[in-house]
Amino acid sequence: MAYSEKVLDHFKNPRNVGSLNKDAKNVGTGLVGAPECGDVMRLQIEVDEESGVIRDAKFKTFGCGSAIASSSLATEWLKGKSLDEAASIDNMDIVEELALPPVKIHCSVLAEDAIKAAIEDYRQKNGISVDSKEHATA
Amino acid sequence: MEKRRLIYLDNNATTPCDPRVVDAMIPFFYEKHGNAASRSHQFGWEAEDAVDYAREQIAKLLNVEDKEIIFTSGATESNNLALKGVFEMYAKKGNHIITAETEHKAILDTCKHLEKAGAEITYLKVQEDGLINLEELEAAIKPTTILVSLMWANNETGVIQPMQEIARICEKHGVLFHSDATQAVGKIKTHPREIGVHLMSFTAHKMYGPKGVGGLYVSRKNPRVKVTAQMDGGGHERGMRSGTLNVPGIVGFGKAAEIAMNEMEQDAARLSRLRDKLQTELTKLEETKINGNVDSRMPHVTNISFKHVEGEGLMMTFNQNIAVSSGSACTSASLEPSYVLVGMGLGDDLAHSSIRFSLGRFTTEEEVDQAIELVRNGVNHMRELSPIWEMYKDGVDLSKIEWSAH
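Order-wise, the sequence lines are chains A and B.
Numbered per my numbering, the first sequence spans residues 12 to 149.
Numbered per my numbering, the second sequence spans residues 7 to 412.
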């Protein structure tokens with residue numbers, strides 16, 4: 012199976028590989044997938060507490076080229092977005108951008124799950140209600 | 007810039023044709039284009055002679071009689087013919103067939119088909135090293151057992167089954183023994199009569215011959231084995247396999263057998279040295295595991311798991327330079343890891359992390375050296391990217407993590 016140019020580019024030059032301090036209050040971490048399934052993604056966001064905007068994003072992924080490219084792309088997209096904007100990233104946006112074939116759609120689903128898990132982690136840490144989607148004065 | 011040749015380390019998938027094989031085949035596409043079944047003219051006689059000669063070349067390699075070789079389109083057909091043909095021919099004797107979980111799909115899917123037709127199939131488990139348990143095999147035999155089908159060498163791991171011991175058990179219980187020897191013929195000594203194998207499947211394209219031609223050895227005496235034909239037609243190949251013979255392919259197959267007979271030993275010695283070098287160097291990396299019994303294994307194969315790195319991703323780091331295959335089936339429609347490795351008790355995570363390296367006659371030491379370098383860099387690169395490698399390095403017990411299945 013041939014990979015698209017964009018997948019190859021992200022695979023060869025992955026953006027934002029690394030780790031943020033998972034214990035920091037303004038960092039949200041999402042760890043999704045399982046080694047038994049052949050892919051694990053860890054996606055982290057660092058949120059500017061004043062503006063609620065994602066300042067930095069990092070990932071590490073165990074998986075195939077499409078999984079790595081999906082998470083790399085996700086970190087690019089996350090930077091500069093508000094949490095609500097980030098939460099609205101849809102896996103099909105990733106499929107489209109990377110031209111993923113049907114057998115690789117699960118990679119994009121995993122990336123969306125990772126984004127949502129990271130946001131959720133941040134919100135929980137900061138006592139932000141997910142329903143109101145607004146800063147709660149905890 | 008000089009384009010570097012892609013290093014081919016996937017010889018268990020298929021081997022390139024030996025140029026001597028192609029040279030032998032070419033006249034049979036042109037001036038010697040006859041149908042081996044045409045009895046009335048020179049073209050037919052010439053083609054028939056060429057097929058007879060090829061049959062002899064193959065029979066010599068296997069140390070059997072030439073009449074015991076049936077030509078087919080490949081090992082998948084040979085396996086189908088052996089299993090279905092024996093099942094139908096010996097229906098009065100019984101309906102039970104014994105095989106193993108780590109067989110090739112051509113065996114397993116044929117068995118599934120036969121189950122629907124009323125066969126009872128026992129799928130033996132294998133031990134951690136990939137070998138079957140002989141006591142389990144013997145215990146599985148019952149009065150209705152007509153056939154034991156076990157591969158000579160495994161395609162994914164190169165593990166060689168204890169053929170002699172299996173044959174003895176079959177002999178003792180009067181059960182026919184078929185072996186899918188696709189990965190072994192032409193690479194190591196495979197003499198079915200000597201061992202006590204009654205039917206044996208093999209193919210040209212795994213031994214430097216062309217694709218699209220294979221063979222089935224069917225013992226003619228002690229015991230005289232017959233299989234029911236699976237295709238109706240002109241009654242070629244002693245009535246067991248109808249269809250115009252693939253004359254150029256068969257000529258190439260014969261030539262490949264002749265070359266194998268003369269060069270097998272030296273090839274095996276050279277390749278096992280190169281394979282050992284590759285394996286030794288790559289297992290110097292942390293957290294690696296060789297899959298399969300290393301003492302009963304094909305000389306040119308090694309299957310290695312690189313923990314905490316996913317196989318397909320790893321391959322992508324070097325697939326511009328090296329061609330190998332992975333036990334992680336993420337590339338195919340199914341996302342299941344190799345059933346062969348899982349059957350050996352390997353966890354799915356390790357199966358997803360495995361790479362099969364299979365060397366061949368045209369592999370050079372320089373290529374092996376380059377491969378070592380490229381794979382090592384690839385593993386290190388992928389581990390830098392791997393969250394589970396980081397966790398492992400931080401001393402996290404990965405088995406204690408609640409992973410979100412998806």
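In this text, a Cβ means the ideal position worked out from N, Cα and C, and glycines have one as well.
Within chain B, the residues that residue i reaches when beta carbons sit closer than 7 Å
i      : result
A/D50  : E316
A/R53  : P393
A/P112 : None at all; the shortest Cβ gap to chain B is about 10 Å.
Closest Cα partner of residue i within the set the options
i      : options                        : result
B/G220 : B/G239, B/K227, B/R247         : B/R247
B/I103 : B/I152, B/K90, B/R226, B/K232  : B/I152
A/L94  : A/K71, A/P113, A/T72, A/E61    : A/E61
B/I127 : B/K261, B/L137, B/A146         : B/A146
B/Y36  : B/N268, B/P254, B/S302         : B/P254
A/Q135 : A/K36, A/L109, A/D124          : A/K36
B/Q272 : B/V330, B/G192, B/E144         : B/G192
B/D423 : B/N85, B/A329, B/N327          : Since the first residue shown for chain B is 7 and the last is 412, residue 423 of chain B is missing from the structure and cannot be characterised.
B/K122 : B/K90, B/Y96, B/T21            : B/K90
A/G138 : A/S119, A/G39, A/C118, A/D67   : A/G39
B/N161 : B/G180, B/H110, B/A275, B/K217 : B/H110
A/R66  : A/G74, A/L42, A/G91            : A/G91
B/L87  : B/L284, B/S207, B/E316         : B/S207
B/F363 : B/E373, B/D354, B/D355         : B/E373
A/G63  : A/A110, A/E96, A/F73           : A/E96
9 Å Cβ cut-off: residues of chain B touching residue i
i     : result
A/V28 : E390, L391
A/T72 : E316, G319, L391, S392, P393
Close Cβ partners of residue i (< 6 Å) along its chain, the five nearest in sequence each way excluded
i      : result
A/G154 : Examination of residue 154 of chain A is not possible in this model, given that chain A is present from 12 through 149 alone.
A/E87  : R26
A/G44  : D50, V51, M52, L121
B/V257 : A30, M31, F34, A56, A60
A/L31  : V38, Q55, E57, K69
B/E171 : L140
B/T163 : G136, N297, G298, N309
B/C176 : V154, F183
B/K38  : E52
Endpoints, the beta strand (DSSP E) within which residue i is located
i      : result
B/F77  : 75-78
B/V57  : Not the beta strand (DSSP E): B/V57 falls in the alpha helix (DSSP H), residues 48-68.
A/A150 : The question about residue 150 of chain A has no answer, for chain A in this structure spans 12 to 149.
B/R3   : Nothing can be reported for residue 3 of chain B, as the shown portion of chain B is limited to 7 through 412.
B/Y129 : 126-130
B/D16  : B/D16 -> no beta strand (DSSP E), and no H or E assigned at all.
A/F22  : Where A/F22 is concerned, there is no enclosing beta strand (DSSP E), although the alpha helix (DSSP H) it sits in stretches over 16-23.
B/R362 : 360-364
Under 8 Å by beta carbon: chain A residues contacting residue i
i      : result
B/S334 : G49, C75
B/E293 : Residues of chain A passing the Cβ test: none, with the nearest at roughly 13 Å.
B/M322 : Y14, F22, C75, G76
The alpha helix (DSSP H) enclosing residue i, as first and last residue numbers
i      : result
B/F182 : The sequence given here places Leu at residue 182 of chain B; Phe does not occur at that position. Looking at the DSSP string, B/L182 is not in any alpha helix (DSSP H); the run it does join, the beta strand (DSSP E), is 182-186.
B/K122 : 111-122
A/A68  : Note, A/A68: premise wrong, no alpha helix (DSSP H); beta strand (DSSP E) at 64-73.
B/G255 : 253-288
A/Q135 : 116-136
B/G91  : 81-95
Residue i: contacting residues in chain A (beta-carbon distance under 9 Å)
i      : result
B/G353 : P46, E47
B/L404 : P46
B/E379 : What B/E379 touches in chain A: nothing, since even the nearest Cβ is about 18 Å away.
B/E396 : S30, R53, K71
B/H39  : Simply none; closest approach about 37 Å.
Cutoff 7 Å; reference residue i; Cβ partners in own chain excluding five residues on either side
i      : result
A/P25  : I79, S83
B/T337 : Residue placement at B/T337 cannot be trusted, given a pLDDT of 48 that sits under 50; the coordinates are not used to answer.
B/E83  : G220
B/Q133 : N139
B/D403 : none
B/A106 : Y129, L130, V132, I138, L156
B/P229 : H204
Partners in chain A for residue i, counting only beta-carbon separations shorter than 7 Å
i      : result
B/H110 : Within 7 Å Cβ-Cβ: nothing; B/H110 doesn't reach chain A, min ~22 Å.
B/E162 : What B/E162 touches in chain A: nothing, since even the nearest Cβ is about 17 Å away.
Chain-order list of residues whose beta-carbon lies under 8 Å from that of residue i (same chain, five-residue window excluded)
i      : result
A/E108 : K17, L84
B/A125 : F93, N101, H102, I103, C117
B/A339 : Because the pLDDT of B/A339 is 49, which lies under 50, any placement of that residue in the model is unreliable, and the number read from its coordinates should be weighed accordingly. Nothing meets the Cβ criterion.
B/P22  : Y14, Y214, G366, F368
B/I113 : N85, L89, T105, S155, M157, D186
Beta-carbon neighbours of residue i, restricted to chain B and to distances below 8 Å
i     : result
A/I79 : G319, L391
Closer than 6 Å: residue i CB and nearest the ligand PLP heavy atom
i      : result
A/M103 : No copy of the ligand PLP appears in this structure; indeed no ligand is present at all.
The region 207-227 of chain B / the region 66-85 of chain B touching (three or more Cβ pairs under 8 Å):
yes
Would the region 386-402 of chain B count as touching the region 40-49 of chain B if we require 3 or more Cβ pairs under 8 Å?
In short, these stretches do not touch, since the Cβ pair count stays below three.
Is the number of C-beta pairs between the region 281-299 of chain B and the region 234-250 of chain B that are closer than 8 Å three or more?
no
Counting beta carbon pairs with one atom in the region 56-66 of chain B and one in the region 254-264 of chain B, are three or more of them shorter than 8 Å?
yes
Counting Cβ pairs closer than 8 Å, one from the region 200-218 of chain B and one from the region 74-82 of chain B, do we hit at least three?
yes
Decide yes or no for the touch test of the region 188-204 of chain B against the region 304-314 of chain B: beta carbon pairs closer than 8 Å, at least 3 of them.
yes
Quick check: the region 96-104 of chain A against the region 376-386 of chain B, are there 3 or more CB pairs under 8 Å?
no
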